[in-house]
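Worksheet: the structure to be examined is printed underneath.
In structure tokens form, the structure reads like this:
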């Protein structure tokens, strides 16, 4: 499952959290990513009658995480690369936001400045960027391994964490 990178920004920016803190950040990222996903509910005759956020179902979120955990194989180089990419894009996003905020509201609305239009387009691309839950799990493991944690501790700790959620 893909979730927006923006939902996981706190996990990417994390420094110095313990195992429980990393799991909380990961769980919240997946939960928030799922809450942005809307499913349509149907009557027996196939007519659409309601829209409900997926994240209201904790078991669904835990299922997604367990599924990612079952097929998890850590790749610290890939995680380090993804974190570096996030940091670069985050910096770029902040710079573009500042440049967009420097111009008048009318310029942004009328799209009269080509450079500002390019900034707005790139900013929207970055805000829509997604990451797979298994790749995000890899980032969480990388963050955990930075404080000398082992894969066994990571898996066991994650299982205990999900049982208490």
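Residue numbers (my numbering): 261 to 425.
Just so it is clear, CB atoms sit at the ideal spot from N, CA and C, and this is done for glycine as well.
Comparing alpha-carbon positions, the option among 263, 264, 286 lying closest to residue 274 turns out to be 286.
Contact between residue 393 and residue 324 holds: CB atoms are separated by about 6 Å, below the 8 Å threshold.
Within 10 angstroms of the beta-carbon of residue 263 lie 16 or more other beta-carbons, which makes it buried. DSSP places residue 264 in no alpha helix (DSSP H) but in the uninterrupted beta strand (DSSP E) bounded by 262 to 264. Within the DSSP bridge table, the entry for residue 392 names 262 as partners.
Within the same chain, and ignoring the five residues on either side of residue 381 in sequence, no residue has its Cβ closer than 6 Å to its Cβ. For residue 321, the enclosing alpha helix (DSSP H) stretches over residues 318 to 330.
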